[in-house]
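Listed in order, the protein sequences are those of chains A and B. Going by the working numbering, the first residue of the first sequence is number 1, and it counts up by one from there. Going by the working numbering, the first residue of the second sequence is number 332, and it counts up by one from there. Ideal Cβ placement from N, Cα and C applies to all residues, glycine included. Contents: one structure, followed by commentary.
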Amino acid sequence: MNGTNGVKAKPVITGEEALHIESAYHGYPDTETGRTKRVLTNIDLLSESGEFICLVGPSGCGKSTLLRLITGQERVQQAKHFDVFSRPVGFPDKQRGVVFQQYTLLPNLTVAKNVRLGLEFQADLHDLWRPKWRREANLITMKYLERMRLADAANKYPQELSGGMRQRVAIAQTLVTIDMFGMPKVLCMDEPFGALDPGTREDMQVLISQLWEEHKMTVIFVTHDLEEAVFLSSRLLVLSQYWTSDQDDGSKLSGSRIVMDIPLDKHAMSTEVKKTAEFGALMKQVLDTGFNPNHRRHVAEFNLEHPKSFQSLSLEEDHLNGTFHERDIVT
Amino acid sequence: MFWGINARPGPVFSRVLGLLPLVLLIGGYFTASYIRHVDNPQDKLMPGASQMYESMKEIATVPDKRTEQVLFWTDTKSSLCRLGIGVGVSAVLGYILGMVIGVFPSAKSIFTPILTLCSNINPLAILVIILVFMGIGEGSKIFLIVFGVGIPLVRSIQQAVEKVPNELIVKAQTLGASQSQIVVRVVSPQILPQLIELVRVNLGQVWIFVIAAEAVASTEGLGYRIYLQQRYMNMSLIIPYVLYISAIAYSMDLVLQIIRRKCFPWYKPEDK
């Protein structure tokens, strides 16, 4: 089952995937050499909808870059496929909600008006003045404010809120359109809790887990905090620049690859689980696989346990096609 | 105790310290004026308070023989009109054009070179050119203000727009905002208090251009009156006029500050 299609064969595409990324490469021009410095190398990722994907990796591995490619903030340089819900990725739109670390609230609007914003943007213009629509919008807004424990802060301005409250507003802002418009289908979060203190952070982790279970939505969550990632994810992706292959011993720093892709048993739970032995063992395994520059894994030894994970041939291997037969399959 | 880095003057002492130079200045003037008047009761160079009062009373109550209008009020009205229209046009231009340039990269490419060129031209240096081409009517005066203040305003607004975090624009797009919704509902309301603040800061410049334009080509206005009275060395009118202009400028500044605070309670200038 190997041979023509890389180290691990590509699963059958059903057309139901939230994400379909194949052989994606991305980089930035290096100001010193004038050549492109590659950040992402041969990224392959198939994701069913409803997964809580956490993306971790050493700093500088390009995990935020990958997320920006998915949200549409940047255009991928080269890829066989870079599809979101079976359509090539476009500029940011209502299909993909985002939650950043900060700066996403309008300073001139109160909390309630900030949350309502999405409803007003997506409504038909003539609906905006209809009392019936306005009542419904108010109800939905209140529902999300209460769900995010923000009802008391409805008439405050963002500057008056604590960091944790601001992030709850930002999440409510993103989710509010689900009831009325069925959007967003994917929630992209880039270090959303990175600026919060530890206690608030754990609260938010539990909250986002519960929201994920309630809405059964696809979440792509970038974090540098391994513990957070293992706690939250139903699928853990480790992106790392520390790898080797027959063509490249990794010393050329030719960009990060997905070195680990495993399914995790995920349900909303208490943060107590972080203290268990299994949790610790898993964290150690992830650290060994992706975070150790002195122990680079060979391309064929990546831990791609997840049933939907696959590996396509890299550009270099494509050129050498035919000489790549001796590699064994990891299934 | 009173001096040095570690001095902490109390509120009353601070007030006293602040009044000191003012008292010295005003007291010094009136003392000098008094001494001059002892020598020469007709002295015009340093008029006393009563002389100033008489001059102002005449110009503010007695209608002019030729035009049958009270000059003080026609001067005030025409200067404020010029200032108001000039500021209004500049603010609207700055707000709209600055927003478009700040939001749309192609508009920035189009307008940046010409704005850089224009903002490096001294408006007072081309006043003569403006007068030759546009005549000595109101149009040329307002054009001078817009050229001198509107263009810097465009650039300041553009910079303010560019400081709006990109994350916010992306977020709005993911909430389903169209490009026009982003401009109208996301960016422009955030910039409005900064526009008011920028207008306030630039009012001093506007006054310079108003007075300069009136001095060169005008038949009425506060600046015109000052330059006219210069021919007669009529200090008893010039000094109160200067104080009057300063008082108007100061109260405009206060009013704009109050408007900004009352209408935009969420705006915190120190954040920016």
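Query: Distance between residue 574 of chain B and residue 360 of chain B (C-alpha atoms, nearest Å); Result: 14 Å
Query: Under the three-state DSSP convention, the category residue 381 of chain B falls into; Result: helix
Query: Where residue 218 of chain A sits in the DSSP three-state scheme; Result: strand
Query: Contact with chain A by residue 520 of chain B, beta-carbon distance below 8 Å; Result: yes
Query: Sequence-distant residues of its chain with Cβ nearer than 7 Å to residue 583 of chain B (five each side left out); Result: 534
Query: Residue 19 of chain A and residue 40 of chain A closer than 8 Å at C-beta; Result: no
Query: Residue 344 of chain B burial status per 10 Å Cβ neighbour count (16 or more: buried); Result: exposed
Query: Neighbourhood of residue 586 of chain B by C-beta, 7 Å cutoff - its chain only, sequence neighbours within 5 removed; Result: none
Query: Contact between the stretch 491-499 of chain B and the stretch 560-580 of chain B (3+ Cβ pairs under 8 Å); Result: no
Query: Helix, strand or coil at residue 528 of chain B [DSSP, three-state]; Result: helix
Query: Length of the line joining the Cα atoms of residue 405 of chain B and residue 419 of chain B; Result: 21 Å
Query: Nearest candidate by alpha-carbon position, reference residue 526 of chain B, set B:481, B:539, B:507, B:565; Result: B:481
Query: Residues near residue 431 of chain B in its chain [Cβ-Cβ closer than 7 Å; skip 5 each side]; Result: 438
Query: Boundaries of the alpha helix (DSSP H) in which residue 566 of chain B is found, first to last residue; Result: 566-594
Query: Nearest candidate by alpha-carbon position, reference residue 235 of chain A, set A:31, A:261, A:80, A:213; Result: A:261
Query: Within-8 Å CB hit, residue 528 of chain B to chain A; Result: no
Query: Inter-stretch contact at 8 Å, needing at least 3 Cβ pairs: the stretch 89-99 of chain A / the stretch 165-184 of chain A; Result: yes
Query: Cβ-based burial, residue 322 of chain A [other Cβ within 10 Å; buried from 16]; Result: Its pLDDT being 43, under 50, residue 322 of chain A is placed unreliably in this model, and the value from its coordinates should be taken loosely. Per the 10 Å Cβ criterion, exposed.
Query: Spatial distance of residue 56 of chain A from residue 228 of chain A (CA atoms); Result: 10 Å
Query: Which residues DSSP lists as bridging residue 562 of chain B, in chain order; Result: None; residue 562 of chain B has no bridge partner.
Query: Start and end residues, beta strand (DSSP E) containing residue 260 of chain A; Result: 257-263
Query: Where residue 460 of chain B falls, given that 16 or more other Cβ within 10 Å makes a residue buried; Result: exposed
Query: Alpha helix (DSSP H) runs contained entirely in the stretch 486-513 of chain B, provided each spans 4 or more residues; Result: 497-505
Query: Every unbroken beta strand (DSSP E) within the stretch 18-100 of chain A, with a cutoff of 3 residues, ordered by chain; Result: 36-48, 52-56, 81-84, 96-99
Query: Residue 138 of chain A (DSSP reduced to helix, strand or coil); Result: helix
Query: Through-space distance from residue 382 of chain B to residue 392 of chain B, alpha-carbon basis; Result: 16 Å
Query: Three-state class that DSSP yields for residue 306 of chain A in the structure shown; Result: coil
Query: Other residues of its chain near residue 333 of chain B: CB distance less than 6 Å, five sequence neighbours each side excluded; Result: none
Query: Option nearest residue 256 of chain A by Cα separation, candidates A:154, A:24, A:183; Result: A:24
Query: Residue 192 of chain A to residue 445 of chain B span [Cα, whole Å]; Result: 42 Å
Query: CA nearest to the CA of residue 45 of chain A, picked from A:183, A:13, A:245; Result: A:13
Query: Heavy atom of the ligand MN within 7 Å of residue 512 of chain B beta-carbon; Result: In the structure shown, the ligand MN is absent, as is every other ligand, since no ligand is present at all.
Query: Cβ contact check for the stretch 291-311 of chain A and the stretch 334-341 of chain B: 3 or more pairs under 8 Å; Result: no
Query: Within the stretch 159-192 of chain A, ranges of the beta strand (DSSP E) (whole runs, at least 3 residues); Result: 186-190
Query: Simplified DSSP state of residue 235 of chain A, which is helix, strand or coil; Result: strand
Query: Buried versus exposed call for residue 126 of chain A [16 or more other C-beta atoms within 10 Å across all chains shown]; Result: exposed
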